[in-house]
Amino acid sequence: MDVFKGFDRNFKVLVADDQPQNLELIKDILQSSHCQVITASNGKDAFEKALVHEPDLVLLDVMMPEMDGYEVCHRLKTNEKTQLVPVVMITALAELDAKIKGIELGADEFLNKPFNLAEFAARVRSLLRLKQITDELENAETVLFSLALGVEAKDPNTNGHCERLANYSIKLGATLGLDQDSLKALKRGGILHDIGKLGVPDSILLSPHPLSEEEWLIMRQHTVIGERICRPLRSFKQVLPIIRYHHERWDGGGYPEGLKGESIPITARILQTVDVFDALCSRRPYKPPLSMDRVFDQMNDEAKKGWRDPTLVYEFIRLVEGKGLEQP
Ligand SMILES: [Fe+2]
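Converting from the sequence shown to our numbering requires adding 719 to each position, the first position being numbered 1.
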């Protein structure tokens, strides 16, 4: 039986079981389907091999020495490098509690011992189909991140700006008690917020002179262009408001829509707060980096003028002063 019939690539599967006969059985099935198999005879070994080999699928026995299957599953699903790899837990029949525990730890599928070959093949195939889609999506995301960093690299004065913004935004978001999805969006928004500058000519983007009114009109388009570039990726849904609204102003004087106060999404307001901070702290062709006292004074001034969300400015300054943030 060819488990991988219909796929246009070869997969790498990690199998962990302390019973050599089980390992051999699974290995035989998978290898006869031209799949690369990595084996581990205990949980610790399985986790370490998953990090090194980055498999497309992990098959885990529950009861294993050193580290049991639950712990391996938990570690895989909480590690950024392996969290998207599907995990199948192998349990004895009718172990309902074991299944519930596995689901709670992030397991994607269960297989009962002894194996039914047809069921095994069907479950493995369905998870690999999912993994293939996830990989394609990840590739598309990687391209967009690279493009965004390419925009940043055009301007030698903004080196590391996107990474810092991602880092600061997450910290401010966490201080404000935002949920995990919003924090993830902030991390991505830090990198992607200015991706729309791809659509702005270099003569404007890198102009050594103050921009004319007409040039400003084009520059402001980067918010809507950026949103349009990222819109096709559903996984970026929560990042779109950050890209579109990161230049709105608390008093309604910003762009592209002139949104006011709390009608500006909180994630966009967070990104703007840290963006202003980073710009003031950094060297620009027209100014040296400001001292931290002057940065805070200016941020407070802008909040008093009504440009920025005063609560966010206050919280962010507290965060920096409390050393909760590494300064540039
Ligand atoms: Fe921007």
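Beta carbons are placed, not taken as given, at the ideal position from N, Cα and C, and that holds for glycine. Since the structure is predicted, the reported quantities are computational estimates derived from the model, not experimental observations.
- The three-state secondary structure of Asn858, taken from DSSP, is helix.
- Per DSSP, Asp898 lies in no alpha helix (DSSP H) and is assigned neither H nor E.
- Secondary structure of Asn831 (DSSP, three-state): strand.
- Going by DSSP, Ala759 is part of the beta strand (DSSP E) stretching over 755-759.
- Collapsing the DSSP output to three states places Arg728 in coil.
- Annotation for Thr810: the continuous beta strand (DSSP E) segment containing it runs 806-811.
- According to the DSSP secondary-structure assignment, Leu733 is paired through a beta bridge with Ile757, Val777.
- Look at His912: its beta carbon is less than 8 Å from one of the heavy atoms in ligand 1.
- Burial of Arg968 is indicated by the presence of at least 16 other C-beta atoms within 10 angstroms of its C-beta.
- Under the three-state reduction of DSSP output, Arg963 falls in the helix class.
- Annotation for Glu785: no alpha helix (DSSP H) segment contains it, and DSSP assigns it neither H nor E.
- When only Cα atoms are considered, Asp1012 and Leu733 end up about 54 Å apart.
- Assignment of Arg1003 by DSSP, reduced to helix, strand and coil, places it in the strand class.
- Under the three-state reduction of DSSP output, Leu952 falls in the coil class, being neither helix nor strand.
- The three-state secondary structure of Pro929, taken from DSSP, is coil.
- In the DSSP annotation of this structure, the continuous segment of the alpha helix (DSSP H) that includes Ser922 starts and ends at 921-924.
- Taking one beta carbon from each stretch, the stretch 907-921 and the stretch 862-881 have 3 or more pairs nearer than 8 Å; the two touch.
- Here Ile910 is buried: its Cβ has 16 or more other Cβ atoms, across all protein chains shown, within 10 Å.
- A contact between stretches requires three or more CB pairs, one per stretch, nearer than 8 Å, and the stretch 937-952 fails this requirement with the stretch 989-1009.
- In the structure shown, the three-state DSSP call for Pro1008 is coil.
- When only Cα atoms are considered, Gln899 and Ala885 end up about 14 Å apart.
- Beyond the five residues adjoining it in sequence on each side, Leu1031 comes within less than 6 Å, by CB distance, of Arg988, Thr992 in the same chain, given in chain order.
- For the options Lys1023, Ile985, Leu856, Glu1040, the alpha carbon positioned closest to that of Arg953 is the one of Leu856.
- When secondary structure is reduced to three states using DSSP, Asp1020 falls in the helix class.
- DSSP, read as helix, strand or coil, puts Gly821 in helix.
- With a threshold of 16 other beta carbon atoms within 10 Å, Tyr974 meets it and is buried.
- Taking C-beta atoms under 8 Å as the contact rule, Leu846 and Leu776 qualify, at a distance of about 6 Å.
- Boundaries of the alpha helix (DSSP H) around Val1032: 1029-1040.
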